[in-house]
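Undergrad: Numbering that gives the first Met the number 0 applies: residue 0 is where the sequence shown begins, and numbers increase by one.
Quick reminder that beta carbons are idealized off the backbone N, C-alpha and C, glycines included.
Sharing a structure below in structure tokens format, with a few things to ask.
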Amino acid sequence: MTYDHSRRVGTYAQRLARYLGWSRREARDLALAGLVHDLGKTWIGNDILLKSDKLSDEERRQMERHPIIGARILIGCDVHPFYVETVLYHHEAWDGRGYPTGLKGEEIPLSARILTVADVFDVLTSQRPYKAALSLDAARERLLQGSAASFDPMIVRAFLTLLDEYPNFTLPQRSNALSALSPGSATSLAHADDVIIRVPAGATLMGALHPR
Ligand SMILES: [Fe+2]
0 MTYDHSRRVG
10 TYAQRLARYL
20 GWSRREARDL
30 ALAGLVHDLG
40 KTWIGNDILL
50 KSDKLSDEER
60 RQMERHPIIG
70 ARILIGCDVH
80 PFYVETVLYH
90 HEAWDGRGYP
100 TGLKGEEIPL
110 SARILTVADV
120 FDVLTSQRPY
130 KAALSLDAAR
140 ERLLQGSAAS
150 FDPMIVRAFL
160 TLLDEYPNFT
170 LPQRSNALSA
180 LSPGSATSLA
190 HADDVIIRVP
200 AGATLMGALH
210 PR
């Protein structure tokens, strides 16, 4: 399930990048970064990853280390810095209230800004043990609400344009995968895609994304 999510995130990011004028090779590289964007979660303990209740502050801090851990793993693999910085900054927010570094606006690498929107859209439209998949209209509304607070408004506009102009833009969900899991393993997905969307006023819209 997490692999499928990462694959879809990579594909959405790749399509966005092509729409924004990136070369095929650059867009493919971004797809690969999408595939490994949550690599750092492999080093987060199961007691946190499998926890179905709200995370404590300390557990949340540990979870929010996954971009740094992922970047370190990639540095150890001696990959191009493009992959490292895309993974490292994929939870930064346009208003500077993301993590792990609090970079703001165009300080955040464009690759990471693209990946963030792709990641959030797939989380919103995916079924999770703690939430139903949102409709396209509802997901669109959430992206708009987070535009200029959590997300680069230019990327959101591009994504919504792709949604409007290409009926086959959205990727199929393997909803059967969830029902095939045992109840115990289903809870393991609860923290797989913790994403925060903020509206400009600063309120947190976590209800549909994660049980708080
Ligand atoms: Fe992540």
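Relative to ligand 1, is the shortest distance from any of its heavy atoms to the C-beta of residue 65 smaller than 7 Å?
TA: Correct: residue 65 has its Cβ closer than 7 Å to ligand 1.
Undergrad: From this set, 59, 136, 114, 167, which residue's C-alpha is nearest residue 46's C-alpha?
TA: Cα-wise, what sits closest to residue 46 is 59.
Undergrad: Which residues bound the alpha helix (DSSP H) around residue 264?
TA: No answer is possible for residue 264: it lies beyond the span of the chain, which begins at 0 and ends at 211.
Undergrad: For ligand 1, is there a heavy atom less than 7 Å away from the beta-carbon of residue 37?
TA: Within the cutoff, so yes.
Undergrad: At what residue ranges does the stretch 20-71 contain a whole run of the alpha helix (DSSP H), taking only runs of 4 or more?
TA: The stretch 20-71 contains these whole alpha helix (DSSP H) runs: 23-34, 45-48, 56-62.
Undergrad: Kindly list the residues whose CB is nearer than 8 Å to the CB of residue 155, restricted to its own chain and excluding five residues on each side of it in sequence; keep chain order.
TA: The answer, listed in chain order, is 116, 142, 143, 145, 146.
Undergrad: In this structure, how does DSSP classify residue 146 when only helix, strand and coil are distinguished?
TA: Three-state DSSP puts residue 146 in a strand.
Undergrad: For the pair the stretch 47-58 and the stretch 71-87, tell me if three or more CB-CB distances fall below 8 Å.
TA: No: fewer than three Cβ pairs fall under 8 Å.
Undergrad: For residue 187, name the three-state secondary structure that DSSP assigns.
TA: Because residue 187 sits at a pLDDT of 34, beneath the cut-off of 50, its placement in the model cannot be relied upon, and the following sentence gives the value as read from the coordinates. Correct three-state label for residue 187: helix.
Undergrad: How about residue 114 and residue 85: are their beta carbons less than 8 Å apart?
TA: For residue 114 and residue 85, yes; Cβs fall inside 8 Å.
Undergrad: Which class does residue 127 belong to by DSSP, given the choice of helix, strand or coil?
TA: Residue state, collapsed to three classes: strand.
Undergrad: By the 10 Å Cβ neighbour count, where 16 or more other Cβ atoms means buried, how is residue 41 classified, buried or exposed?
TA: Exposed, by the Cβ-count rule.
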